[in-house]
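Since the structure comes first, as C-alpha cells, the remarks are kept for the end.
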Amino acid sequence: MSPITQQTWQHWRLRYEDDGLAWLEIDCAGAAANTLSSEVLGEFSQVLDALDARAPTALVIASGKGAGFIAGADIDEFASFDSVAAARGFVERGWSLLNRLAAVGYPTLALIRGHCLGGGLELALACRYRLAVDEPGTRLALPEVMLGIVPGWGGIKRLPATIGPMAALDMMLTGKSVDGRKARRLGLVTDCVPARVMDAAARIMVLSGAAPRKLAVPECVLRYVINGPLRGKLADKARKQTAAKVVRENYPAPYAIIDIWERYDGNVLAVPAGEPAALEALFASPTTRNLLRVFFLQERLKAFGKDGAFSPRHVHVVGAGVMGGDIAALCALRGMRVTLQDQTVERIAPAIQRAAKLFERRYKGDARRVRFALDRLIPDSQAQGVAHAELIIEAISENLEAKRSVFAELERHARADAVLATNTSSLRLEDIACALQAPQRLVGIHFFNPVAQLPLVEVVHGEASDPEVLRRAIGFVRALDKLPLPVKSAPGFLVNAVLGPYMLEALRCVEEGCAPETVDAALVRFGMPIGPVELVDTVGLDIAVAAGEALAGAGAKPPPRLLKLVAEGKLGRKSGEGYYRWVEGKAQKGEAGAFAPELADRILAPLLAAAERCVREAVVADADLADAGVIFGTGFAPHTGGPLQLARSLGKTRIGTEPGIG
Amino acid sequence: MTREVFIIDGARTPFLKARTGPGPFSAADMATAAGSALLLRQPFAPEQLDEVILGCASPAADEVNIGRVVALRMGCGDAVPGWTVMRNCASGMQALDSAVANIRLGRSELVLAGGVDALSHAPLLFSEAMTRWLANWFATRNVGQKLRALKSLPLRHLAPVVGIMKGLTDPVIGQLMGQTAENLAFKFGITRAEMDAFAVHSHQRVVAAQDAGHYADEIVPLIGRDGTVFAADDGVRHDSSVEALAKLKPFFDKKYGRITPGNSSQISDGAAWLVLASAAAVERHGLQPRGRIVDSQWAALAPAQMGLGPVHAAMPILQRHGLAPNDLDVWELNEAFAAQVIACLRAFDDDDYCRQHLGVEAAPGAPDMARLNVDGGAVALGHPVGASGARIVLHLLNVLHRTGGQRGLASICIGGGQGGAMLVETVQ
Chain A
1 MSPITQQTWQ HWRLRYEDDG LAWLEIDCAG AAANTLSSEV LGEFSQVLDA
51 LDARAPTALV IASGKGAGFI AGADIDEFAS FDSVAAARGF VERGWSLLNR
101 LAAVGYPTLA LIRGHCLGGG LELALACRYR LAVDEPGTRL ALPEVMLGIV
151 PGWGGIKRLP ATIGPMAALD MMLTGKSVDG RKARRLGLVT DCVPARVMDA
201 AARIMVLSGA APRKLAVPEC VLRYVINGPL RGKLADKARK QTAAKVVREN
251 YPAPYAIIDI WERYDGNVLA VPAGEPAALE ALFASPTTRN LLRVFFLQER
301 LKAFGKDGAF SPRHVHVVGA GVMGGDIAAL CALRGMRVTL QDQTVERIAP
351 AIQRAAKLFE RRYKGDARRV RFALDRLIPD SQAQGVAHAE LIIEAISENL
401 EAKRSVFAEL ERHARADAVL ATNTSSLRLE DIACALQAPQ RLVGIHFFNP
451 VAQLPLVEVV HGEASDPEVL RRAIGFVRAL DKLPLPVKSA PGFLVNAVLG
501 PYMLEALRCV EEGCAPETVD AALVRFGMPI GPVELVDTVG LDIAVAAGEA
551 LAGAGAKPPP RLLKLVAEGK LGRKSGEGYY RWVEGKAQKG EAGAFAPELA
601 DRILAPLLAA AERCVREAVV ADADLADAGV IFGTGFAPHT GGPLQLARSL
651 GKTRIGTEPG IG
Chain B
1 MTREVFIIDG ARTPFLKART GPGPFSAADM ATAAGSALLL RQPFAPEQLD
51 EVILGCASPA ADEVNIGRVV ALRMGCGDAV PGWTVMRNCA SGMQALDSAV
101 ANIRLGRSEL VLAGGVDALS HAPLLFSEAM TRWLANWFAT RNVGQKLRAL
151 KSLPLRHLAP VVGIMKGLTD PVIGQLMGQT AENLAFKFGI TRAEMDAFAV
201 HSHQRVVAAQ DAGHYADEIV PLIGRDGTVF AADDGVRHDS SVEALAKLKP
251 FFDKKYGRIT PGNSSQISDG AAWLVLASAA AVERHGLQPR GRIVDSQWAA
301 LAPAQMGLGP VHAAMPILQR HGLAPNDLDV WELNEAFAAQ VIACLRAFDD
351 DDYCRQHLGV EAAPGAPDMA RLNVDGGAVA LGHPVGASGA RIVLHLLNVL
401 HRTGGQRGLA SICIGGGQGG AMLVETVQ
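Note that the protein sequences, when read in sequence, are chains A and B.
Here the first sequence stands for residues 1 to 662, numbered as in UniProt numbering.
Here the second sequence stands for residues 1 to 428, numbered as in UniProt numbering.
This is the structure in C-alpha cells:
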C-alpha cells in the first residue's frame, strides 16, 4: 500500500515528496490574497495534526497564490468582534498555534514570495528558516500598529529575538516594510534568492540542518545585554522616540508594543486587564476603531478601480511645472511611457532633474531601473506624444483661456479613444470642457503636491462627463497605486474646499495676534501632520490668495497680513519667506506659546463644517468618502477617523448617523 | 527591378565635445534619447519596426551589442531584433547600408538605422603585461605567493593604456590617424596654412548654419540628470581665426608635423538615426518619404592613405550613374582632417592619381566648395566616429530640401584604409 502523498483542505494543500520532504501550500478559497481567518487557522491546526501523524523529514510552507505569501490576519473578522472576549479568543488561537508550529520536531521553512504581513510574518517567524524571493513585490512587515493594534501571535517576541530589539522595534513601531534583500541584511530571512532557484534553495536549506543564522560573538554579547540589563533603557528610548511623533492618548498601540516587549515577553495575552497595554484597553480605544475604519475606507477607495482596470501604455502630460512634471515622473515610475510637453526644452529640464532624483530614491541605487524609468520619460516640446497617448493630462497654470485653447488643440490631434483630463484645482470643469467638440470626454484628475507622497487623487466628473471616461480615469489612478476619490465638479472639490476655510481661520488667529508657531503647535498636537500656517507657506501664499478668491468668490476678504506678505514677494517656502523664514526647505520656528484645546477646535470648526457641506451638496457620495478624502488628501488626524467621524463623536453633526465600520 | 529604399525621417543628438573626463551621456543614452524622440513623431509604433541597426566603433564593454540595448531602451519591445555594425569611422553609414540591403532583399520593410559613439567614455586599459601579471595574481593561493608576485611587478606595468589612442591607431601600420593625414599632406604638398584656413572656413560655415537654424531642425536636445540642457553642437568656435590656429602645436608628428588639433576633427559624443522604409511600408503606415537612397559603395586602399577613401568610393557611383562631381547638387565629405579633405579634392583634380588608382583616363574634377560641406563639417562639429556616417546622410538630405537640390553624395574616409559613399535623392 503506497502512502498518501497528498492531502487537501479547503485552504491548505499538503504534499509529501518521496524523501519525506513535505510542502504545505496556503491557498485561501475564494480570495485573491491569503489571510488568516478563524477558519483558516482551524484548518492549519488539522494540518499540524496530519503532520504529527506522519512526521515529514522537513516542511516547507509556501503560498499557492500567484501573488503574495500571507497578507496577515483576517481584518474583516477582527473588526467584526463585538466583545473583547471574542478578540481575545482569536488572538489566543493564533498565539498557541504558532507556538505549536515553532515547537515541531522537524525543520520548517517559510518560502516568502510577495507580501508577508502581520500574522503572515508571525507565521514565518515561527518557522526555523525563512527564505525570501528576490522580487520588488516581496515585502515583509508587522503593520499592526497602523491599525491601532499590536502583533499578537508572537511577533513581539520572535522578531526581536530574530533581528535584535532595535531593528525589531523600529519595524513594529512604524509598521514599515522591508524587501527581501533588506530582510536578509537584517537577518529576518536566512537568504534571498531569485525565483528560478527558490524551490531548490528551499529544499537545500530546510534539509541542511544548519543553524538559521550564525551570530558573531560580539553580536551574541550585545543581544544578551540588550535582552537583559539594557532592556529597560532601550524601551525608554523607544518610548521617547515614539513620544516625539504621537501621544499615547491618541495612539496607544506603539506604547503597548514597547510595554509588551519589555515586560510581558512579547505576549499581549499576559498583560493584566487593568494595564494600558492590555487587549481590553486597546479594544476599547476609539483610536483602534477609527484606524480600522481608515483601513476599510482605504480598501473602499481602492475598490473603485476594480471594474475598470486601465493602465495606459502611453500618457501625455501638458505642462512641465511642479505638478505636471511630478505627475509625469510618477507615471514613468509605474512603467508607463510618458511624453512631457511644455513650450521649450528648458522648461522641461527641471522636471527631468526632479524625476531623476525620485527614481534614484525609489529604486534605491538600482541603476538599471532608474535608467529605464528615465528612458520612459520623454521630453516633448513639439507635442508629438499627443497623437499616441491613451490618456492626456493638462497641468498648466490656472488660466481658463489657456486651458481652453490647450484642449481645443489636444482634441484635434489626440486619438479618438484617449482620455482627456485636467489637473485643475480651482476652475470649473464645465467651463473648460466647453472648448471641446465632445465636452463629455473631459474629466478632472486632481493630484496633490507633493505628487509622489500624497496618496489621494480626486477624480472629478462634470455635468457632462462620460461614465466610461470616468471609469478609465479611476482605473488609471489605481494603476499609479494612488487612491481615487470620485468627486463632483464644485469649487475646491472636496480637499481644497475643506482646507481653504481651515487655513483661513488659522490665518485669522495669527491676524488676532496668536503666533504662527502656537497655531501650528495646537493643530500638530491635535494630530495634523503639519500646522496650517506652515501649510500655507508650503502651498505658497500667492496660490492661497488665488484659491481663496476662486473658492469664496471675489467678495471674500483675505487676511490683510497675507496680502501684505504677497505684495512684498514673500510667498512662503518657494521664495524663502512667508509667515516663516525658510532655510534649506525647513521653516525656522520660534518657541510655541501656551494654548488651550479650544484653539484647535476653533480652527477645525470651519473644516468640519465644510466637509459636512460637501456631503450635503453631494460633492462626494457619502460621509465615509468625505472622511476618506480628507484623511488621505490632507493627512487629517487618522486616529479621529476623519472630520465627520470626529464631529459625530463630538455630537456636533446631524448627518452621517449610520454606524461606523467596526 | 530592385526595391526602392526611402528615407522617412532622421534626427540626431547634439555633438558634445569631449572635454575632461567622461561626458554627461553614455553612447546608449544618446542613441536612446535621439531614437525615442524620432520614433515619437512617426505614425507607427516602435514595436512595428522590423529591426534596429546601430553602427558603433567603441561600445562600452557591457553593451557590446549596443544596437539591441538601445532598441529595448527605446521601447521597441522584446520582439524587434537589434544589432550592431562596426566599420570604424563609417559604422553609421554601414548601418544604413545594412538596412538598405535588407530592405532591397525583402527581409525588412521598416528599419531604424544610425550610428553612435561616446569617445569621452573610452576606457583606460591595462597593458598586456599587466593583464598577464593580474592573471597570475588571481591564481596566488597564499601570502607568500602574493608577496612574491608583488615583488615581481614592475611599476611601468601600472601605466594605463589610453583606449582611445589605441582606437585611433592603425594596428597594421602602427600609425595614428593623424599621421596618415600627414602622409597625404606630404603627398599633395598641402601646407599648414591651407589646412588652418580650411578649418576656419568650417567653423564659419557651422556658425552661419547654426545662426540660420539649419542645425536645430535635425537635433534632439538632451537633458542631463542634473537638469542641464544640451541643445546644440558645442565644439564650434565663434572666434576661430587663422592666427589663433597658427599658434597650436602639431600633435601627431610632434615638432615637425602640420596637423594640429585645430585642423583635425574634434573628438565628440553623439548619435544620429534615420528611418528607412520600403515602398510597402510607406504605403502601409502612410509615411511621407523625404528621400531615397539610390546607391552605395565601399572601397579600400592602402591603410596609410586612408583619407583618400571618399574618392575611391565615390568614383564607381559617379561612373555607374554617368555623373561628374559637379552634377551633384550637394556633397558631404566627412572632415576627419582638413588635410584629408583637401587631399581628396586634389586627387579628384589629379589625372595621374585617377589613372593610377581609379583606372580612369582623366580626372573628373573636384566638386566646388559651393556645394561641398555647405554647413561646415566635423572639424567644427565634431566626429563621434560611429555617428558621423549617418549624420552626413541626414544632413545631406536636409540641405537638398533646403536648397531645392535633387541629388547629393555623402562620403567618408575610414581608418584602416577604406572609403564609403552613398547617393541620395530627394522625394518631393
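Glycine is no exception: its CB is placed at the ideal position from the N, C-alpha and C atoms.
Computed from a predicted structure; not experimentally measured.
Alpha carbon of residue i to alpha carbon of residue j, nearest angstrom
i: A243(A); j: E135(A); result: 35 angstroms
i: R525(A); j: I543(A); result: 26 angstroms
i: T162(A); j: L333(A); result: 34 angstroms
i: T228(B); j: K17(B); result: 15 angstroms
i: V143(B); j: M130(B); result: 20 angstroms
i: A497(A); j: E505(A); result: 13 angstroms
i: R158(A); j: R128(A); result: 11 angstroms
First and last residue of the uninterrupted beta strand (DSSP E) at residue i
i: R15(A); result: 12-16
i: L109(A); result: 108-112
i: residue 678(A); result: Residue 678(A) cannot be examined here, being either before or after the span of chain A that is shown, 1 to 662.
i: V451(A); result: Element bounds for V451(A): n/a, residue is neither H nor E.
i: K488(A); result: 483-488
i: H461(A); result: 456-461
i: W23(A); result: 21-26
i: V315(A); result: 314-318
Beta-bridge partners of residue i, as assigned by DSSP
i: E425(B); result: R292(B), R407(B)
i: I414(B); result: Q418(B)
i: G114(B); result: L54(B), W273(B)
i: R68(B); result: Beta-bridge pairing links R68(B) to no other residue.
i: S264(B); result: F337(B)
i: A11(B); result: W273(B)
Test: residue i CB closer than 9 angstroms to a CB of chain A
i: I223(B); result: yes
i: S98(B); result: no
i: P43(B); result: yes
i: T228(B); result: yes
i: A61(B); result: no
i: A37(B); result: yes
i: L40(B); result: yes
i: D9(B); result: no
Local conformation of residue i per DSSP, three classes
i: K589(A); result: coil
i: F526(A); result: helix
i: C127(A); result: coil
i: E658(A); result: Residue placement at E658(A) is poorly supported in this model, since its pLDDT is 37, which falls under 50; the coordinates are not used for a value here.
i: Q382(A); result: coil
i: S63(A); result: strand
i: D97(B); result: helix
i: E577(A); result: strand
i: T344(A); result: coil
i: E332(B); result: strand
i: Q179(B); result: helix
i: H115(A); result: strand
Residue span of the alpha helix (DSSP H) that contains residue i, given as start and end
i: L644(A); result: 643-649
i: H203(B); result: 192-211
is_contact[residue i, chain B] using C-beta, thresh 9 angstroms
i: D342(A); result: no
i: L358(A); result: no
i: R337(A); result: yes
i: L644(A); result: no
i: F90(A); result: no
i: E390(A); result: no
i: F283(A); result: no
i: D375(A); result: yes
i: I378(A); result: yes
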